[in-house]
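To keep things clear, I will list the structure first and then write my remarks on it.
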């Protein structure tokens with residue numbers, strides 16, 4: 101199926117969606133990123149004027 105190849109999903113998924121009466125709404129996945137626990141610190145340092153990514157990385 102050309103659609104599946106173009107969008108990078110399985111043929112069965114495309115077939116199931118084409119048979120459905122409405123577009124299947126999906127909730128965005130909530131994933132925890134490795135930096136999530138450090139975001140408050142990074143925001144604080146950024147707002148304090150430290151915009152050097154290498155420095156912020158060293159401080160972590």
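In my numbering, the protein residues as written are 101 to 160.
In this text, a Cβ means the ideal position worked out from N, Cα and C, and glycines have one as well.
Being a predicted model, the structure only gives us computed values, none of them experimental.
Pairwise C-alpha distance: residue j and residue i
i           : j           : result
residue 138 : residue 130 : 17 angstroms
residue 124 : residue 160 : 41 angstroms
residue 144 : residue 158 : 15 angstroms
residue 132 : residue 152 : 24 angstroms
As assigned by DSSP and simplified to three states, the class of residue i
i           : result
residue 104 : helix
residue 123 : coil
residue 160 : coil
residue 154 : helix
residue 118 : helix
Under 8 angstroms between C-beta atoms of residue i and residue j
i           : j           : result
residue 111 : residue 104 : yes
residue 156 : residue 142 : yes
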